[in-house]
Amino acid sequence: MALTLSELARWVDGDIIRGGFDLSLTGMAALDAAAPGDVSFLGNEKYYGQFLTTKAAAVIVPTGVSDGPENVALIAVENPSLAFATVVRHFAIATRNFTPGVHPGAFVDPTARLDVTKVRVQAGAVIMADVSIGDGSDIGPNSVIAGNVVMGQDCRIMANVSIRERCVIGDRVILQPGVVVGSDGYGYEFSGGCHVKIDQVGIVEIGNDVEIGANSTIDRARFGKTIIGEGTKIDNLVQIGHNCVIGKHCLIVALTGIAGSSRLEDHVTIAGQVGIAGHVTVGSKAILSARTGVTKSIPGGLVYAGNPAQPIRDDMKLHALVRRLPKLIERVKALEETLQISRQQD
Amino acid sequence: MALTLSELARWVDGDIIRGGFDLSLTGMAALDAAAPGDVSFLGNEKYYGQFLTTKAAAVIVPTGVSDGPENVALIAVENPSLAFATVVRHFAIATRNFTPGVHPGAFVDPTARLDVTKVRVQAGAVIMADVSIGDGSDIGPNSVIAGNVVMGQDCRIMANVSIRERCVIGDRVILQPGVVVGSDGYGYEFSGGCHVKIDQVGIVEIGNDVEIGANSTIDRARFGKTIIGEGTKIDNLVQIGHNCVIGKHCLIVALTGIAGSSRLEDHVTIAGQVGIAGHVTVGSKAILSARTGVTKSIPGGLVYAGNPAQPIRDDMKLHALVRRLPKLIERVKALEETLQISRQQD
Amino acid sequence: MALTLSELARWVDGDIIRGGFDLSLTGMAALDAAAPGDVSFLGNEKYYGQFLTTKAAAVIVPTGVSDGPENVALIAVENPSLAFATVVRHFAIATRNFTPGVHPGAFVDPTARLDVTKVRVQAGAVIMADVSIGDGSDIGPNSVIAGNVVMGQDCRIMANVSIRERCVIGDRVILQPGVVVGSDGYGYEFSGGCHVKIDQVGIVEIGNDVEIGANSTIDRARFGKTIIGEGTKIDNLVQIGHNCVIGKHCLIVALTGIAGSSRLEDHVTIAGQVGIAGHVTVGSKAILSARTGVTKSIPGGLVYAGNPAQPIRDDMKLHALVRRLPKLIERVKALEETLQISRQQD
Numbered sequence: 000m001a002l003t004l005s006e007l008a009r010w011v012d013g014d015i016i017r018g019g020f021d022l023s024l025t026g027m028a029a030l031d032a033a034a035p036g037d038v039s040f041l042g043n044e045k046y047y048g049q050f051l052t053t054k055a056a057a058v059i060v061p062t063g064v065s066d067g068p069e070n071v072a073l074i075a076v077e078n079p080s081l082a083f084a085t086v087v088r089h090f091a092i093a094t095r096n097f098t099p100g101v102h103p104g105a106f107v108d109p110t111a112r113l114d115v116t117k118v119r120v121q122a123g124a125v126i127m128a129d130v131s132i133g134d135g136s137d138i139g140p141n142s143v144i145a146g147n148v149v150m151g152q153d154c155r156i157m158a159n160v161s162i163r164e165r166c167v168i169g170d171r172v173i174l175q176p177g178v179v180v181g182s183d184g185y186g187y188e189f190s191g192g193c194h195v196k197i198d199q200v201g202i203v204e205i206g207n208d209v210e211i212g213a214n215s216t217i218d219r220a221r222f223g224k225t226i227i228g229e230g231t232k233i234d235n236l237v238q239i240g241h242n243c244v245i246g247k248h249c250l251i252v253a254l255t256g257i258a259g260s261s262r263l264e265d266h267v268t269i270a271g272q273v274g275i276a277g278h279v280t281v282g283s284k285a286i287l288s289a290r291t292g293v294t295k296s297i298p299g300g301l302v303y304a305g306n307p308a309q310p311i312r313d314d315m316k317l318h319a320l321v322r323r324l325p326k327l328i329e330r331v332k333a334l335e336e337t338l339q340i341s342r343q344q345d
Numbered sequence: 000m001a002l003t004l005s006e007l008a009r010w011v012d013g014d015i016i017r018g019g020f021d022l023s024l025t026g027m028a029a030l031d032a033a034a035p036g037d038v039s040f041l042g043n044e045k046y047y048g049q050f051l052t053t054k055a056a057a058v059i060v061p062t063g064v065s066d067g068p069e070n071v072a073l074i075a076v077e078n079p080s081l082a083f084a085t086v087v088r089h090f091a092i093a094t095r096n097f098t099p100g101v102h103p104g105a106f107v108d109p110t111a112r113l114d115v116t117k118v119r120v121q122a123g124a125v126i127m128a129d130v131s132i133g134d135g136s137d138i139g140p141n142s143v144i145a146g147n148v149v150m151g152q153d154c155r156i157m158a159n160v161s162i163r164e165r166c167v168i169g170d171r172v173i174l175q176p177g178v179v180v181g182s183d184g185y186g187y188e189f190s191g192g193c194h195v196k197i198d199q200v201g202i203v204e205i206g207n208d209v210e211i212g213a214n215s216t217i218d219r220a221r222f223g224k225t226i227i228g229e230g231t232k233i234d235n236l237v238q239i240g241h242n243c244v245i246g247k248h249c250l251i252v253a254l255t256g257i258a259g260s261s262r263l264e265d266h267v268t269i270a271g272q273v274g275i276a277g278h279v280t281v282g283s284k285a286i287l288s289a290r291t292g293v294t295k296s297i298p299g300g301l302v303y304a305g306n307p308a309q310p311i312r313d314d315m316k317l318h319a320l321v322r323r324l325p326k327l328i329e330r331v332k333a334l335e336e337t338l339q340i341s342r343q344q345d
Numbered sequence: 000m001a002l003t004l005s006e007l008a009r010w011v012d013g014d015i016i017r018g019g020f021d022l023s024l025t026g027m028a029a030l031d032a033a034a035p036g037d038v039s040f041l042g043n044e045k046y047y048g049q050f051l052t053t054k055a056a057a058v059i060v061p062t063g064v065s066d067g068p069e070n071v072a073l074i075a076v077e078n079p080s081l082a083f084a085t086v087v088r089h090f091a092i093a094t095r096n097f098t099p100g101v102h103p104g105a106f107v108d109p110t111a112r113l114d115v116t117k118v119r120v121q122a123g124a125v126i127m128a129d130v131s132i133g134d135g136s137d138i139g140p141n142s143v144i145a146g147n148v149v150m151g152q153d154c155r156i157m158a159n160v161s162i163r164e165r166c167v168i169g170d171r172v173i174l175q176p177g178v179v180v181g182s183d184g185y186g187y188e189f190s191g192g193c194h195v196k197i198d199q200v201g202i203v204e205i206g207n208d209v210e211i212g213a214n215s216t217i218d219r220a221r222f223g224k225t226i227i228g229e230g231t232k233i234d235n236l237v238q239i240g241h242n243c244v245i246g247k248h249c250l251i252v253a254l255t256g257i258a259g260s261s262r263l264e265d266h267v268t269i270a271g272q273v274g275i276a277g278h279v280t281v282g283s284k285a286i287l288s289a290r291t292g293v294t295k296s297i298p299g300g301l302v303y304a305g306n307p308a309q310p311i312r313d314d315m316k317l318h319a320l321v322r323r324l325p326k327l328i329e330r331v332k333a334l335e336e337t338l339q340i341s342r343q344q345d
């Protein structure tokens, strides 16, 4: 587990500014929480005060910083925050590495295809008929993987996750606790005074390196597929409707809802509590501020805000004008008075 | 499983426009995904191009369409989308029909009343004391049905659902994965600097033919009942507060929250991310656009928008006026200039 | 279970206005639902009509009420609603009191520390390595308590709850079904066209007497702790981001999201669907109306509304001005006409 300063420098591709090559590093922590032996990092200048008083053994600093508190080793890199992620991974790996095998309290259908010397199935997990699970994947306690699901390698499915039948999950997918993949889309026909359910016989297909946050829900397609593109990261309590196609490397923050059949192109960023109507397209690299409401397709490459969505500058201008309404009313009143006076003078 | 064209026509009450009575149909798909042997449908004219190139064996078309691609059988009906739902149901039924019985990994309290030759209890499901479950119901893996719950016939409870004690569930109710029914209402009294919990001893009563989407939550009443009326369909991640009374055949789309003791009359339609305050009534057949905020009771039969809610026409007018503020400011400026000039001329 | 009128009076610290000391009370209900033998309460004058026709054996009334329907015993207290909560607790306790022990269908790691004569672990629950659970706590069916979690006494963890590794739970904490505690925070670095996951190695620490509603999610800290202060009550479907510090005795209503590293001071009240950006502070005793959007730190002691948040009076004024825009436009038009006329007269 322990790491020397020179090993660390090599890993993060950084320059040792100060400190002995053999300095032993045994853990990691934030600047203000670090104890002797810990690696820390200076990711943002507003933490410079904490940097000066840290008890860390070594600090990863941005290129250009050449000095620091006494007795603290320094390694310079371009992006300390990213470099530190590597360190975190090193120290976290010991706890993450799992012993493969099927817990005696798990339920694995005999037709399921998985290598019990390479996959872990935890207590209470249910793996149903004809499921296929790739090597290195870890199925959390009390999760349910329904019939004919195909899952790739090195996935991390946490506790109480539900994946419904026939859905397809790529490699290195992380599903936080309580995630639902493949629930029925919200589709009804109104007939005879009732809403008649339209069966949802499609699936959800999740690309490689996707992460989905706790208790988020991804509906299966009516036919065909609801798609989450590779590298996309979804936060907690997000709803993705049936037949949506979410591009690659998108970010979708908590409590956002995307209605059925809508499409995000690649690298779209969506802040919290955004709502997107059905059957619209959000262009590549668009950024939607918190609470934006998208009611029709919008081109990519711009930052949006407001409901309905408009370029954020227009939205801010409009808000500023509203805030200046009291002044405008005064100006109108002044005009009325002037005019009245001038008319009276006539 | 296979179906002849004449059987299909009879089922959907349609007219065979083209094709042999004995044509065998073996599956179903959307126009652009259909393979030989499949039934498809033309639900919307914007798919007419796909219709012309489909590989389907038969297509359900709207009355009036009399021609189509060569070698494709045609059946005409009034509502192809609804007719197709019938087809989907036929082909889906084979996978849906279940073998009744209690999985050896399920936990059924000996006092529970259910006919194991007619009910399925899947792996890891927990059926607690004095629960009663009607024939044809299917309890999903790792779902929990707490003490004294009464459930009707032909319900479909999916994975990881939680139904708390004493709640009453009608017939043909569908609960998607992760649904919570009967959680405690959010009720506290402030006393001595603390919020003291008010015990919530009521229940939730869910009518026949209700469907509730993934990870939605329905709180139990403080006393009495929180009621979800028959035929109502609730989407994912919806919150219904304690003592709410939701009418019959309502639609409630994702991420909507309805606070305690509010009432929807019948046939109310609520789009996504709507918020309804506590102790208000929304009248029958009201339609609430996405994000509407309801702060006091509103009459039925109208379409609403905005926060606070107002008839959508008023809301749109107000938005249009705000968007014309820059013009109004220019007009005021012009008036000021004119007046100044005319005064200087005096 | 049965209670005499004099016992009741002593418990709620009330005065018997009418009725025999030995009157036996066997249940409780709302005024209009009460049956003979029941205790009820008059919590709000709008229920006075129900009070006059109640079938309850005894009613808890506010001080000052000295008369009521015939044959109904009366006990006067300052806060009948709060007093009644005590009664509810008494009658509910019989159903709540549990028989300790580990269900044969639960999975408890041999390294877990809990006294099986004082703790209940229900069917399908999974208690992992090195977990510690205090006396009187009740772990619901199919809940998962991951490795090294430390839980206090008298907690009530309901069905399908997920608590991830190393989180710390105080005494008397209630987690409704589907709650997730300790999911990974939403943290990525953008590098090489991809979002690279930043491991989240911190924990969540939940204080005494906290309650968290169904399917709410509390993310673990990147380092250190996400903290929920003692006595805070969180409603359903609420998202608390990583490294948030929520003060003591706060209320947070459904569908609210609080982004990472934000801080609520004590006694903050947040209505439904509120959004709070990351890295901001909400001052003590602030009240946020439904849907408020907080984008920067705001002082305590005030009521806020709007997006961005402002004191509610300012927000209401602004809304009123917008609603008067049609009138303003008319005034400008009148000015224009007057001016044109007066210019034409020149």
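Protein chains in written order, with numbering that gives the first Met the number 0: chain A, 0 to 345; chain P, 0 to 345; chain E, 0 to 345.
For every residue, glycine included, the Cβ atom is placed at its ideal position computed from N, Cα and C.
Apart from sequence neighbours up to five positions away, the residues of its chain that approach residue 74/P with a beta-carbon distance below 6 Å are 8, 13, 15, 59, ordered along the chain.
Of all residues in the stretch 167 to 197 of chain E, only 177, 179, 182, 183, 185, 187, 188, 190, 192, 193, 194, 195, 196, 197 come within less than 8 Å of chain A when Cβ atoms are compared, listed by chain position.
Taking C-alpha positions only, residue 107/E is separated from residue 80/E by approximately 41 Å. Per DSSP, the unbroken alpha helix (DSSP H) holding residue 11/E starts and ends at 4 to 11.
For residue 296/E, none of the residues of chain A pass the 7 Å Cβ criterion, the least Cβ distance being about 14 Å. Contact annotation: residue 149/A and residue 204/A have beta-carbon atoms that are not nearer than 7 Å. Cβ-Cβ distances below 6 Å link residue 239/A to 217, 257 in the same chain, with the five nearest sequence neighbours on each side left out; the list follows chain order. The shortest CA-to-CA distance from residue 273/E to any of 110/P, 260/P, 283/P, 254/P is the one to 254/P. Residues are counted here when their Cβ sits less than 7 Å from a Cβ of chain A; for the stretch 219 to 233 of chain E these are 222, 223, given in chain order. Contact between residue 156/P and residue 174/P holds: their C-beta atoms lie close to 5 Å from each other, under 8 Å. Under the 8 Å Cβ criterion, the stretch 311 to 320 of chain A counts as touching the stretch 318 to 326 of chain P, having at least three qualifying pairs. Taken through DSSP and simplified to helix, strand or coil, residue 86/P comes out as helix. Contact check for residue 241/E against residue 232/A fails: the beta carbons are separated by 7 Å or more. Annotation: the continuous alpha helix (DSSP H) that includes residue 316/A extends over 311 to 322. Neighbours of residue 256/P in chain E, taken as residues at a C-beta separation under 7 Å, are given in chain order as 253, 254, 271, 272. A contact between stretches requires three or more CB pairs, one per stretch, nearer than 8 Å, and the stretch 41 to 48 of chain A fails this requirement with the stretch 174 to 185 of chain E. Contact between residue 82/P and residue 40/P is confirmed by a C-beta separation of about 7 Å, below the 8 Å threshold. With respect to residue 248/P, residue 260/P sits apart: the two C-beta atoms are not nearer than 7 Å. Secondary structure note for residue 73/E: its beta strand (DSSP E) is the uninterrupted segment 72 to 76.
Only exposed fits residue 340/P, as fewer than 16 other CB atoms lie within 10 angstroms of its CB. For residue 62/A, no Cβ of chain P is located within less than 7 Å of the residue's own Cβ. Taking 7 Å as the upper bound on Cβ-Cβ separation, chain P lies near no residue of the stretch 69 to 98 of chain A. No Cβ of chain E is located within less than 7 Å of the beta carbon of residue 7/P. Looking at the DSSP output, residue 194/E bridges to 189/E.
Nearest to residue 302/A by C-alpha distance, out of 295/A, 296/A, 172/A, 312/A, is 312/A.
Here the C-alpha atom of residue 210/P lies approximately 9 Å from the C-alpha atom of residue 171/P.
The Cβ-Cβ distance between residue 120/E and residue 143/E does not fall below 7 Å. DSSP places residue 230/A in no alpha helix (DSSP H); its state is neither H nor E. Between the beta-carbon of residue 285/E and that of residue 297/E there is about 6 Å, and that keeps the pair under the 8 Å contact cut. At a Cβ-Cβ threshold of 7 Å, residue 2/A and residue 24/A count as neighbours. Proximity of residue 308/E to chain P, defined by a Cβ-Cβ separation below 7 Å, is not satisfied. Beta-bridge partners assigned by DSSP to residue 182/E: 218/E. For residue 334/P, the nearest beta carbon of chain A is closer than 7 Å to its own beta carbon.
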